[in-house]
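In our numbering, the protein residues as written are 15 to 154.
Note sheet for the following structure.
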Amino acid sequence: MNPFVFTQSLKDLLRFNRLWPWIGLALLLLFTCVMWATYGGEGAAPAEIYGSAMGMIGYRVIALAAAIYAATVVAQEIEQQTIVYMVTRSVKRWVMILSKTLAAVVAVAVASWFSTFAIGFGMMGTAAFSEPSFWMDFIV
């Protein structure tokens, strides 16, 4: 892996312009989960409601983020017409693609942390930080 390519790709993927839709989606998830916990969670434990919310909403958001960021690994170079420059650089192709892929994995982790935090905090409030299932989802 090439650290320069990785850091440059990571800086590009974590720019505010690329990250604000995921922050907005996390805020929407937070609002939805607060409403769900307030009005729809009659008689259920907060951890159970959190588990169902992560199953219904959270994992789908994470899969969407992974699909969008994975598509940008090489597509961005084609769109900006810099694919020829990328291929003719002194860095080997597989190293370049591996570095960009690992940067996309880190960007997906950041986007998924936003949604996991929003769902956990929306469903359980500050009790989410003492819940093992929240931290397991956060780490995974």
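Beta carbons: idealized from backbone N, C-alpha and C, even for Gly.
All figures in this text were calculated on a predicted structure; none of them were measured in a lab.
What first and last residue would you give for the alpha helix (DSSP H) that runs through residue i?
i       : result
Leu-43  : 30 to 49
Glu-62  : 60 to 67
Val-122 : 107 to 138
Val-19  : 17 to 27
Got a sec? Which residues, its chain only, sit under 7 Å from residue i by beta carbon, not counting five neighbours each side?
i       : result
Ala-84  : Ala-118
Gln-90  : none
Phe-143 : none
Measure the CB-CB distance between residue i and residue j and report whether it falls below 9 Å.
i       : j       : result
Thr-115 : Val-87  : yes
Leu-39  : Val-120 : no
Ser-129 : Leu-43  : yes
Leaving out the 5 sequence neighbours to the left and right, which residues in its chain are closer than 8 Å to residue i when beta-carbon positions are compared?
i      : result
Ala-51 : Pro-60, Ile-63, Gly-136, Met-137 and Met-138
Thr-46 : Ile-71 and Gly-136
What residues in its chain sit with their C-beta under 6 Å from that of residue i, if we drop five residues either side in the sequence?
i      : result
Ala-67 : Cys-47, Ile-133 and Met-137
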